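Quick note: the sequence shown uses the numbering used here, first residue 33, plus one each step.
Report on the structure given below.
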Amino acid sequence: MENQPTGKTEMRVVCAGCSITRGQVSIDYVEMLRRRFAGRPVTFANSGVNYDVAFNLQERLNEVIAQNPDIVTILIGTNDANSTLSPKNSRLLRFLKKLPVIPSPDWYKENLNIIVKELKERTNAHVALLSLPVIGEDVDSEANRRTGEYSAIINDVAKSHGVTYLPLNERMKAYLQLQNKTSSFPYRPGLYQSSTASMQHFMLRRDLDTISSRRGLQLTIDNIHLNSRGAGMVADLIESLIIKQTGNGVTPLKYTNGDDT
Numbered sequence: 033m034e035n036q037p038t039g040k041t042e043m044r045v046v047c048a049g050c051s052i053t054r055g056q057v058s059i060d061y062v063e064m065l066r067r068r069f070a071g072r073p074v075t076f077a078n079s080g081v082n083y084d085v086a087f088n089l090q091e092r093l094n095e096v097i098a099q100n101p102d103i104v105t106i107l108i109g110t111n112d113a114n115s116t117l118s119p120k121n122s123r124l125l126r127f128l129k130k131l132p133v134i135p136s137p138d139w140y141k142e143n144l145n146i147i148v149k150e151l152k153e154r155t156n157a158h159v160a161l162l163s164l165p166v167i168g169e170d171v172d173s174e175a176n177r178r179t180g181e182y183s184a185i186i187n188d189v190a191k192s193h194g195v196t197y198l199p200l201n202e203r204m205k206a207y208l209q210l211q212n213k214t215s216s217f218p219y220r221p222g223l224y225q226s227s228t229a230s231m232q233h234f235m236l237r238r239d240l241d242t243i244s245s246r247r248g249l250q251l252t253i254d255n256i257h258l259n260s261r262g263a264g265m266v267a268d269l270i271e272s273l274i275i276k277q278t279g280n281g282v283t284p285l286k287y288t289n290g291d292d293t
């Protein structure tokens with residue numbers, strides 16, 4: 033059923049995912065997109081839920097479909113991948129989200145296939161899958177080898193269903209490699225890094241980009257959630273997709289370095 037959403041007076045884009053999409057403890061890339069397309073016939077719906085894995089998104093897919101989207105972007109899998117990096121991460125995620133099984137790459141792929149199949153069968157939306165953002169900013173770390181493995185799954189699923197693949201993981205790793213800086217705030221399993229960032233933001237009222245900068249991070253706030261540069265990379269990819277898909281005169285705005293600060 034997937035068709036290009038041309039000839040419509042307004043395009044509806046639903047961005048689905050986890051906390052990185054929800055934008056409470058991550059810079060809100062959906063709001064960035066709203067600002068970029070302000071005054072033009074495109075609306076954006078935020079369908080991000082904190083701590084979601086692909087299974088959770090698959091379970092609530094009716095909420096996405098009910099919005100009658102023209103484009104659906106999927107950015108899901110960071111929690112799936114992160115849960116495999118330590119038993120602590122896995123136990124915590126299973127408890128928080130009441131998961132029926134221990135998360136694994138095979139289970140992730142199974143659920144992502146269901147998500148794409150359902151969207152193609154039950155909507156006319158153009159579906160786009162984003163590869164995963166980095167986990168930590170050491171490109172050669174075990175965590176980022178894992179994001180690469182999960183991003184390869186995303187690419188395979190996109191190819192098998194004939195939907196768009198947006199290379200976020202590749203873009204972020206290329207940026208970090210070009211900067212060639214050693215992180216002074218390396219990734220650690222567990223909630224400490226994200227919870228302390230949340231405390232600084234909500235209790236001390238510190239700006240998320242300030243927290244990121246103080247930690248010496250380039251794309252993230254806590255090695256998981258995105259600062260303005262990282263979120264801008266997500267927005268850049270989705271903006272380019274919208275421009276490519278639209279036939280109603282929507283034109284891109286110009287930004288530099290993916291920043292919306």
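Each residue gets a CB set at the ideal place from its N, CA and C atoms; glycine is no exception.
Quick caveat, the model's predicted, so the values are computed rather than measured.
Beta carbon of residue i nearer than 8 Å to that of residue j
{"i": "V133", "j": "L161", "result": "no"}
{"i": "E202", "j": "R68", "result": "no"}
{"i": "N82", "j": "S51", "result": "yes"}
{"i": "D254", "j": "Y182", "result": "no"}
{"i": "M43", "j": "T196", "result": "no"}
{"i": "T110", "j": "I243", "result": "no"}
{"i": "E169", "j": "Q250", "result": "yes"}
{"i": "V85", "j": "L124", "result": "no"}
{"i": "T155", "j": "P73", "result": "no"}
{"i": "D247", "j": "F217", "result": "A small fix is needed here, since residue 247 is Arg in this sequence, not Asp. Taking 8 Å as the Cβ cut-off, R247 and F217 qualify as a contacting pair."}
Own chain partners of residue i with C-beta closer than 6 Å, once the 5 adjacent residues on each side are dropped
{"i": "V96", "result": "V46, A48, S79"}
{"i": "D241", "result": "N259, S260"}
{"i": "D292", "result": "A caution first: D292 carries a pLDDT of 44, below 50, which makes its placement in the model unreliable, though a value can still be read off. Cβ within range, chain order: M64, S260, G264."}
{"i": "I146", "result": "Q90"}
{"i": "T283", "result": "Residue placement at T283 is poorly supported in this model, since its pLDDT is 46, which falls under 50; the coordinates are not used for a value here."}
{"i": "L144", "result": "A86, V189"}
{"i": "D150", "result": "Checking the sequence, you will find Glu at residue 150 rather than Asp. Around E150: L93."}
Contacting residues, own chain, Cβ-Cβ under 7 Å from residue i (five flanking each side not counted)
{"i": "P199", "result": "S163"}
{"i": "Q99", "result": "R44, V46, A77"}
{"i": "N88", "result": "V81, K129"}
{"i": "G180", "result": "N201"}
{"i": "Q211", "result": "Q250"}
Same chain only: Cβ atoms within 8 Å of residue i, ignoring 5 sequence neighbours per side
{"i": "L117", "result": "I167, E174, A175, R178, P221"}
{"i": "V171", "result": "K205, L208, Q209"}
{"i": "S192", "result": "N145"}
Closest residue to residue i among the options (Cα-Cα distance)
{"i": "I274", "options": "Q99, P135, A157, D60", "result": "A157"}
{"i": "T105", "options": "L128, P119, L124, K152", "result": "K152"}
{"i": "Y61", "options": "F127, D268, P119, A263", "result": "A263"}
{"i": "Q56", "options": "A229, G194, T41", "result": "A229"}
{"i": "N114", "options": "S136, D268, L144", "result": "S136"}
{"i": "N187", "options": "I108, P119, G71, S245", "result": "I108"}
{"i": "S58", "options": "L131, L269, T252", "result": "T252"}
{"i": "I185", "options": "Y219, K213, V148, T214", "result": "V148"}
Residue span of the beta strand (DSSP E) that contains residue i, given as start and end
{"i": "M43", "result": "43-49"}
{"i": "I103", "result": "103-107"}
{"i": "L198", "result": "196-198"}
{"i": "V159", "result": "158-162"}
Span of the alpha helix (DSSP H), counted from its first residue to its last, around residue i
{"i": "A267", "result": "260-277"}
{"i": "S79", "result": "From DSSP, S79 is part of no alpha helix (DSSP H) but of the beta strand (DSSP E) over 74-80."}
{"i": "T228", "result": "224-234"}
{"i": "H257", "result": "Premise fails: H257 is in no alpha helix (DSSP H) and is neither H nor E."}
{"i": "I59", "result": "I59 -> no alpha helix (DSSP H), and no H or E assigned at all."}
{"i": "L144", "result": "137-154"}
{"i": "D84", "result": "Run containing D84: none; DSSP gives neither H nor E here."}
{"i": "E169", "result": "Counting along the chain, E169 falls outside any alpha helix (DSSP H), and DSSP gives it neither H nor E."}
{"i": "S215", "result": "Element bounds for S215: n/a, residue is neither H nor E."}
{"i": "I134", "result": "Run containing I134: none; DSSP gives neither H nor E here."}
Contact with chain C by residue i, beta-carbon distance below 8 Å
{"i": "N156", "result": "Included in the structure is just one protein chain, with no chain C present."}
*asked:* I want to know whether the stretch 131-147 touches the stretch 221-241 - three or more CB-CB distances under 8 Å.
replied: no
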